[in-house]
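S.K.: For reference, the structure I am asking about is given below.
Protein chains in written order, with the working numbering: chain A, 1 to 381; chain B, 382 to 474.
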């Protein structure tokens, strides 16, 4: 396949924006991305996009212009953004198009996601006894991991502390004030071992990326950031996912392991070659477990990584340089593309106070979510 | 299905889940939940009962029990299955 470049990036700040719908935040991101690329909406030959809870993305033509472009709606849970990216990439790599847009947006109500058993093919009693709660799953996957590999609560706190420190320098982040380690560790316990500051919250936001062929990117003078891999994978047998009344005694893999391996193979590089990474941090422990699942360290080594600051901006592998989901919140349809936006920002050297030193050349992003789906993208400068 | 097993993982629900679907009492008390591995069968999720939160440890022996969840509109007790620590000494009774 021929090379595809990201020639424009745009974001609507994450968090809460009263008075703007999810799709309006997506349209804002699209306008910023188009301006960044030096292009107009009428130049777009196609669009892929979606939201989880804010309606059909193709109605964005009402906001941006009735140009008649083909627009494919994507609704793929936490992998909505990643799926839009894959569709757009293939639409250009196939040779059928020169330039197009991938976008994602969302606007969720305040408070924890409120799932009903029937939506997940589960019996009502599962919710009635109080187990239809996503935070429990994250806590229990983490409890077992911590016991098996010697991860301490202090490390959970350090992940959150780093997120808020990084977000101070990210204009698009939601929670931009530093929070000290003691405050994080001693804040309200939500689901043991995770406290309030260790969980991300549902939020709002929009992200858009303009993709182009190598020829078009060179014409625009923007052949800088190339997509090396973009994959999604569903769960293998024996994985442990949210809302599971029972799981197999014979333990198996995880969707992240599959997506990660496929992305490295597609890119022809390995974890040791990555300069900056954005990893799904629904809660602090998720970032820790995903460091190992994506191949960046062995299980248990995270304890030393966090104590030594190796995943901070100036560390050997900076992780979640814009504060991740912990500081940005999680608008499901936009969250995966935010990671790609942040990686492009880092590769272009536009990170400002959060810029990774040494001109990073490779960047990795990873999404994980219900019902057991993972997406990985690798960019190269 | 074996009635006894060992605790595979656990957490404590510290805030009242949203209703619906939660059907527990309005006056909320935090409760523990966990996964118990029933040997050679399956790992099952259920509320935990009869154990202090700070005494819960992965690997502890557990047994299946019934516990009251709430009362219905007619005053009947609604029961749910749960896991409680197993007194290994008393198992043969």
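From the three backbone atoms N, C-alpha and C, an ideal C-beta is built for every residue, glycine too.
Give me whichever residues DSSP pairs with residue 368(A) in a beta bridge.
M.R.: By one-based count along the first chain, residue 368(A) stands at place 368. In the DSSP output, where bridge partners are listed per residue, residue 368(A) has 374(A).
S.K.: Is it buried or exposed, residue 314(A), if we count other Cβ atoms within 10 angstroms and call 16 or more buried?
M.R.: For the purposes of this step, residue 314(A) is identified with residue 314 of the first chain, where counting begins at 1. When all chains shown are included, residue 314(A) counts as exposed.
S.K.: Can you tell me where the beta strand (DSSP E) with residue 106(A) in it begins and where it stops?
M.R.: Along the first chain, one-based indexing puts residue 106(A) at 106. Counting along the chain, the beta strand (DSSP E) containing residue 106(A) begins and ends at 99-107.
S.K.: Taking 6 angstroms as the limit between beta carbons, can you name the residues of its chain near residue 142(A), skipping five residues before and five after?
M.R.: Position 142 of the first chain holds residue 142(A). Same-chain partners within the cutoff: 285.
S.K.: Short of 7 angstroms in beta carbon distance, which residues of its chain neighbour residue 256(A), apart from the five on each side in sequence? Order them along the chain.
M.R.: Counting from one through the first chain, the residue named residue 256(A) turns up at place 256. 290, 293, 294, 366, 368, 374.
S.K.: Roughly how many whole angstroms lie between the Cα atoms of residue 99(A) and residue 86(A)?
M.R.: For the purposes of this step, residue 99(A) is taken as residue 99 along the first chain, with counting starting at 1. For the purposes of this step, residue 86(A) is taken as residue 86 along the first chain, with counting starting at 1. Roughly 14 angstroms separates the two Cα atoms.
S.K.: Once DSSP output is grouped into helix, strand and coil, what is the label at residue 417(B)?
M.R.: Position 36 of the second chain, counted from the first residue, corresponds to residue 417(B). Three-state result, residue 417(B): strand.
S.K.: Taking only the alpha-carbon atoms, compute the straight-line gap between residue 457(B) and residue 403(B) and give it to the nearest angstrom.
M.R.: Position 76 of the second chain, counted from the first residue, corresponds to residue 457(B). Position 22 of the second chain, counted from the first residue, corresponds to residue 403(B). Cα to Cα, residue 457(B) sits roughly 18 angstroms from residue 403(B).
S.K.: Using DSSP with H/G/I as helix, E/B as strand and the rest coil, what is residue 90(A)?
M.R.: Taking the first chain and counting its residues from 1, the one referred to as residue 90(A) is at position 90. It is helical.
S.K.: Against residue 484(B), what residues of chain A qualify as contacts under a CB-to-CB distance less than 9 angstroms, listed in chain order?
M.R.: This structure cannot speak to residue 484(B), because chain B is shown only from 382 to 474.
S.K.: I'd like the ranges of any beta strand (DSSP E) spanning at least 3 consecutive residues and lying wholly in the stretch 25-83 of chain A.
M.R.: For the stretch 25-83 of chain A, whole beta strand (DSSP E) runs of length 3 or above, ordered along the chain, are 47-50, 71-73.
S.K.: What is the C-beta distance between residue 9(A) and residue 36(A), in whole angstroms, given that I count them as a contact (C-beta under 8 angstroms)?
M.R.: Mapped onto the first chain, residue 9(A) falls at position 9. Mapped onto the first chain, residue 36(A) falls at position 36. Yes, they are in contact, since the Cβ atoms of residue 9(A) and residue 36(A) sit about 6 angstroms apart, within 8 angstroms.
S.K.: Throw me the rounded Cβ distance for the residue 336(A) and residue 104(A) pair, which I believe falls under 8 angstroms.
M.R.: Taking the first residue of the first chain as position 1, residue 336(A) is located at position 336. Taking the first residue of the first chain as position 1, residue 104(A) is located at position 104. Between residue 104(A) and residue 336(A) the Cβ distance is about 7 angstroms, and since that is below 8 angstroms, they are a contact.
S.K.: For residue 438(B), which three-state DSSP category applies?
M.R.: On the second chain, position 57 is the one that residue 438(B) refers to. Note: residue 438(B) maps to coil in three-state DSSP.
S.K.: What is the DSSP secondary structure of residue 140(A), counted as helix, strand or coil?
M.R.: Indexing the first chain from 1 puts residue 140(A) at position 140. Of the three classes helix, strand and coil, the one that applies to residue 140(A) here is helix, per DSSP.
S.K.: Quick one: what's got a C-beta closer than 6 angstroms to residue 228(A)'s C-beta in the same chain, skipping five residues either side?
M.R.: By 1-based counting over the first chain, the position of residue 228(A) is 228. Correct list, in chain order: 267, 378, 380.
S.K.: By DSSP, does residue 163(A) sit in helix, in strand, or in coil?
M.R.: As a working mapping, residue 163(A) is identified with position 163 in the first chain. If DSSP states are grouped into helix, strand and coil, residue 163(A) belongs with the helices.
S.K.: Please determine if the stretch 235-245 of chain A and the stretch 73-91 of chain A are in contact, where contact requires at least 3 C-beta pairs separated by less than 8 angstroms.
M.R.: They do not touch, by the three-pair rule.
S.K.: Identify the residues that DSSP records as bridge partners of residue 283(A): which are they?
M.R.: On the first chain, residue 283(A) is found 283 positions in, with the first residue counted as 1. 199(A).
S.K.: Cα-Cα, which of 312(A), 318(A), 271(A), 122(A) is closest to residue 297(A)?
M.R.: Sequence index remark: in the first chain, residue 297(A) carries index 297 (1-based). Looking at the Cα atoms, 271(A) is the closest of the given residues.
S.K.: Taking 9 angstroms as the threshold (C-beta atoms), are residue 22(A) and residue 245(A) in contact?
M.R.: Locating residue 245(A) in the first chain gives position 245, where the first residue counts as 1. Locating residue 22(A) in the first chain gives position 22, where the first residue counts as 1. Contact: no.
S.K.: When the Cα atoms are used, what is the spatial distance from residue 472(B) to residue 446(B)?
M.R.: Locating residue 472(B) in the second chain gives position 91, counting from the first residue. Locating residue 446(B) in the second chain gives position 65, counting from the first residue. The predicted model places residue 472(B) with a pLDDT of 45, which falls under 50 and marks its position as unreliable, so this point remains unresolved.
S.K.: Can you pull the chain D neighbours of residue 190(A), defined as C-beta to C-beta under 8 angstroms?
M.R.: In summary, chain D is missing from the structure at hand, where the protein chains are A and B.
S.K.: Determine, using beta carbons only, whether residue 248(A) comes closer than 9 angstroms to chain B.
M.R.: For the purposes of this step, residue 248(A) is taken as residue 248 along the first chain, with counting starting at 1. It does: the Cβ of residue 248(A) has a partner Cβ on chain B nearer than 9 angstroms.
S.K.: Give the DSSP-derived three-state secondary structure of residue 451(B) in the structure shown.
M.R.: Indexing the second chain from 1 puts residue 451(B) at position 70. Here residue 451(B) sits in strand by DSSP.
S.K.: At a CB distance below 9 angstroms, what residues from the stretch 47-72 of chain A approach chain B? Give them in sequence order.
M.R.: Residues passing the 9 angstroms Cβ filter: none.
S.K.: For residue 425(B), which residues in chain A fall below 9 angstroms Cβ to Cβ?
M.R.: Your numbering for residue 425(B) matches position 44 in the second chain. The answer, in chain order, is 245, 246, 247.
S.K.: Which residues, in chain order, does the stretch 104-116 of chain A contribute to contact with chain B at a C-beta distance below 9 angstroms?
M.R.: Answer set for the stretch 104-116 of chain A: 111, 112, 114, 115, 116.
S.K.: What residues from the stretch 128-150 of chain A come within 7 angstroms of chain B, judged by C-beta to C-beta, listed N to C?
M.R.: Flagged, chain order: 128, 129, 130, 131, 132, 133, 136, 139, 140, 143, 144, 147.
S.K.: Go ahead and pull the three-state DSSP assignment for residue 389(B).
M.R.: For the purposes of this step, residue 389(B) is identified with residue 8 of the second chain, where counting begins at 1. Looking at residue 389(B) - three-state DSSP - the assignment turns out to be strand.
S.K.: For residue 290(A), does the three-state DSSP call read helix, strand or coil?
M.R.: The sequence position of residue 290(A) within the first chain is 290, counting from 1. Correct three-state label for residue 290(A): helix.
S.K.: Would DSSP call residue 6(A) helix, strand or coil?
M.R.: Counting from one through the first chain, the residue named residue 6(A) turns up at place 6. Note: residue 6(A) maps to strand in three-state DSSP.
S.K.: Can you give the Cα-Cα distance for residue 196(A) and residue 40(A), rounded to whole angstroms?
M.R.: In the first chain, the residue the question calls residue 196(A) occupies position 196. In the first chain, the residue the question calls residue 40(A) occupies position 40. Each residue's Cα considered, the two are about 43 angstroms apart.
S.K.: Grab me the residues of residue 281(A)'s own chain with a C-beta within less than 8 angstroms of its C-beta, minus the 5 sequence neighbours each way, in chain order.
M.R.: On the first chain, position 281 is the one that residue 281(A) refers to. Excluding sequence neighbours, residue 281(A) sits near 159, 163, 200, 287, 290, 320, 324, 325, 326.
S.K.: Taking buried to mean at least 16 other C-beta atoms within 10 Å of its own C-beta, is residue 177(A) buried or exposed?
M.R.: For this step, residue 177(A) is matched to residue 177 along the first chain. Residue 177(A) is exposed by the Cβ-count criterion.
S.K.: Hey, how far is the Cα of residue 135(A) from the Cα of residue 400(B)?
M.R.: Taking the first chain and counting its residues from 1, the one referred to as residue 135(A) is at position 135. Taking the second chain and counting its residues from 1, the one referred to as residue 400(B) is at position 19. Computed Cα separation, rounded: 16 angstroms.
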